[in-house]
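These notes are about the structure you will find just below.
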Amino acid sequence: MKITQGQFSFLPDLNDEEIKKQIEYGLDQGWSIAVEHTDDPHPRNTYWSMWGTPMFDLRDPAGVMLELNACRKEFPNDYIKVLAFDSNKGFETIRMSFMVQRPAAEPGFELVRSEGPGRTVRYTLRSYATSRPSGDRYSSAATP
Amino acid sequence: MSAALEDDRRVDLGAIYAESNIGETIGQLDNDLVGLVPVKTRIREIAALLLVESARRGLGIQTEPPSLHMSFTGNPGTGKTTVARRMADVLHRLKYIRRNHVVTVSRDDLVGQYIGHTAPKTKEVLKKAMGGVLFIDEAYYLYRPENERDYGQEAIEILLQIMEDNRDDLVVILAGYKDRMDTFFRSNPGMASRIAHHIDFPDYSADELFRISELMATSMHYRFDEAGQAAMREYIALRMTQPRFSNARSIRNGIDRARLRMANRLFAGRDQPLDRVALETITAEDIRVSRVFNQQ
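So the protein sequences, as listed, match chains Y and G.
If you read the first sequence in the numbering used here, its first letter stands for residue 835, the second for the next number, and so on.
If you read the second sequence in the numbering used here, its first letter stands for residue 377, the second for the next number, and so on.
What follows is the structure, encoded as structure tokens:
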């Protein structure tokens with residue numbers, strides 16, 4: 835199951851050339867770029883781990899690509915996204931966010947039912963991947 | 377007409393030249409920088425190479441982008457830093473680099489203080505310079521042979537790796553005094569071989585220094601009167617023979633001190649009204665008071 839999130843989620847995965855162009859657009863707007871990664875695919879997981887600090891003083895996408903590739907090397911089986919932060923007054927928020935890497939195999943989600951008082955049934959989602967400890971979820975040995 | 381071959385297409389080098397506006401930049405370079413013939417020649421050659429490259433690309437001939445890392449060697453005050461800044465402009469107009477920016481660093485910005493501090497620091501600087509020009513002033517300080525635990529070597533290794541891997545993202549320019557840079561390259565052969573352009577900045581002649589002094593004065597809206605010009609020529613001739621002479625930099629300092637003395641002179645005679653000419657003119661007496669004249 836292909837998990838999507840953020841911008842361009844309806845498109846096929848971006849290649850490096852396209853990622854560079856998007857980053858360049860963000861830099862031209864004066865935004866600072868950050869790289870984040872996680873191995874918890876739950877849609878409500880908003881707190882991804884930061885890869886280094888946001889790159890406040892970069893002028894060119896090549897520098898971001900260096901960091902992105904370092905992150906890919908370190909976490910080849912994680913989800914990775916690129917963010918652009920706009921510090922202008924009135925925004926002061928993320929203006930751009932898109933995924934740039936996903937694990938080779940994504941096992942998807944299980945529908946979990948829990949019974950409440952009476953005949954109430956509560957539904958929730960649980961990722962098959964998260965049954966294994968963090969760091970161990972998408973390694974090639976873990977995929978069935 | 378002969379049968380049209382497939383490779384019958386033509387490129388108009390003249391049009392590419394006109395479009396890049398490079399003529400204007402090089403013309404400016406000629407005007408603003410006095411002397412420096414070997415440097416200007418090399419910049420023209422590089423410009424021609426890049427123009428032809430883009431013409432080749434226009435016809436679909438695939439080539440690796442040429443390596444443009446450079447080393448500027450020369451005595452103090454011969455214009456190495458000034459040219460490095462201009463270089464970014466030239467390369468940007470020729471679309472070799474994507475951004476018209478120069479990041480100037482020295483040993484302090486690259487080398488850390490303790491183990492493991494150097495690599496992140498160097499990488500940070502390199503990332504910042506990506507897409508433009510990284511200018512490393514006094515580059516020979518990176519390598520300190522007398523201290524074998526110096527972290528400079530680590531910075532050099534990272535630099536070498538990026539110079540090789542990210543050749544089309546970054547132009548590295550090293551600058552320093554000739555003899556020390558020679559030692560630096562001898563002990564880092566990897567560095568010497570990765571730098572395609574070694575450009576030597578010659579010392580200025582007395583005439584060139586005089587033209588520089590006039591340019592500097594004009595850019596600050598000062599001028600020499602006739603006696604002042606003669607005094608400046610003499611000043612330059614004397615200063616050149618004295619120790620710690622550093623070409624254009626000495627001239628700039630000389631002019632700065634002349635400005636100081638001129639201001640004092642005008643202030644001493646403050647009971648008379650001054651016109652624009654008086655406020656702009658550096659006279660012989662402002663220059664001749666200099667220590668340079670009575671140090672014989």
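Cβ coordinates follow ideal geometry from the N, Cα and C atoms, glycine included.
By the three-class DSSP mapping on this structure, what secondary structure does residue i have?
i, result
"Thr838 of chain Y", "coil"
"Leu389 of chain G", "helix"
"Met596 of chain G", "coil"
"Gly399 of chain G", "helix"
"Pro578 of chain G", "coil"
"Arg960 of chain Y", "strand"
"Gly552 of chain G", "strand"
"Arg929 of chain Y", "strand"
"Ser921 of chain Y", "coil"
"Ala603 of chain G", "helix"
"Phe943 of chain Y", "strand"
"Gln856 of chain Y", "helix"
"Tyr611 of chain G", "helix"
"Phe448 of chain G", "strand"
"Ser430 of chain G", "helix"
"Ile663 of chain G", "helix"
"Glu440 of chain G", "coil"
"Val547 of chain G", "strand"
"Gln863 of chain Y", "coil"
"Val410 of chain G", "coil"
"Ile422 of chain G", "helix"
"Thr954 of chain Y", "coil"
Should residue i go down as buried or exposed, given a rule of 16 or more other Cβ atoms within 10 Å for buried?
i, result
"Asn523 of chain G", "exposed"
"Ala394 of chain G", "exposed"
"Tyr516 of chain G", "buried"
"Asn903 of chain Y", "exposed"
"Ala380 of chain G", "With a pLDDT of only 47 at Ala380 of chain G, under 50, the local geometry of the prediction cannot be trusted, and the value read off the model is given with reservation. So Ala380 of chain G counts as exposed."
"His445 of chain G", "buried"
"Gln821 of chain Y", "Summary: the structure shown does not reach residue 821 of chain Y, with chain Y confined to residues 835 through 978, and so no result is reported for it."
"Asp545 of chain G", "buried"
"Gln618 of chain G", "exposed"
"Phe890 of chain Y", "exposed"
"Gly679 of chain G", "Examination of residue 679 of chain G is not possible in this model, given that chain G is present from 377 through 672 alone."
"Val459 of chain G", "buried"
"Pro875 of chain Y", "buried"
"Ser396 of chain G", "buried"
"Arg893 of chain Y", "buried"
"Leu636 of chain G", "exposed"
"His673 of chain G", "Past the edges of chain G, shown from 377 to 672, lies residue 673 of chain G, and the structure says nothing about it."
"Val946 of chain Y", "exposed"
If we define contact as Cβ-Cβ less than 8 Å, is residue i a contact residue for chain Y?
i, result
"Asp545 of chain G", "yes"
"His493 of chain G", "no"
"Asp384 of chain G", "no"
"Lys504 of chain G", "yes"
"Leu475 of chain G", "One detail in the question is off: residue 475 of chain G reads as Arg in this sequence, not Leu. Taking Cβ atoms only, chain Y reaches closer than 8 Å to Arg475 of chain G, which makes this a yes."
"Gly507 of chain G", "yes"
"Leu389 of chain G", "no"
Does the CB of residue i have a neighbour CB from chain G at under 8 Å?
i, result
"Leu902 of chain Y", "no"
"Asp891 of chain Y", "yes"
"Gly897 of chain Y", "yes"
"Asp873 of chain Y", "no"
"Asp894 of chain Y", "yes"
"Ile853 of chain Y", "no"
At a cut-off of 7 Å, is residue i close to the ligand ATP when judged by its beta-carbon and the heavy atoms of the ligand?
i, result
"Leu470 of chain G", "Judged by which ligands are present, the structure shown has none, so any question about the ligand ATP falls away."
### Task
Enumerate, from N- to C-terminal direction, the unbroken beta strand (DSSP E) stretches of 3 or more residues contained entirely within the region 450-533 of chain G.
DSSP runs (the beta strand (DSSP E)) wholly in the region 450-533 of chain G: 478-481, 509-512.
### Message
Against chain Y, which members of the region 477-488 of chain G pass a CB distance test of less than 7 Å?
### Response
So the close ones are His477.
### Query
When you check each C-beta in the region 532-557 of chain G against every C-beta of chain Y, which residues fall closer than 8 Å?
For the region 532-557 of chain G, the residues whose beta carbon sits under 8 Å from a beta carbon of chain Y are, in order, Asn542, Asp545, Leu546.
### Task
Could you name each continuous beta strand (DSSP E) segment of 3 residues or more that falls completely within the region 877-910 of chain Y, going from the start of the chain to the end?
Within the region 877-910 of chain Y, the complete beta strand (DSSP E) runs of at least 3 residues are 883-889.
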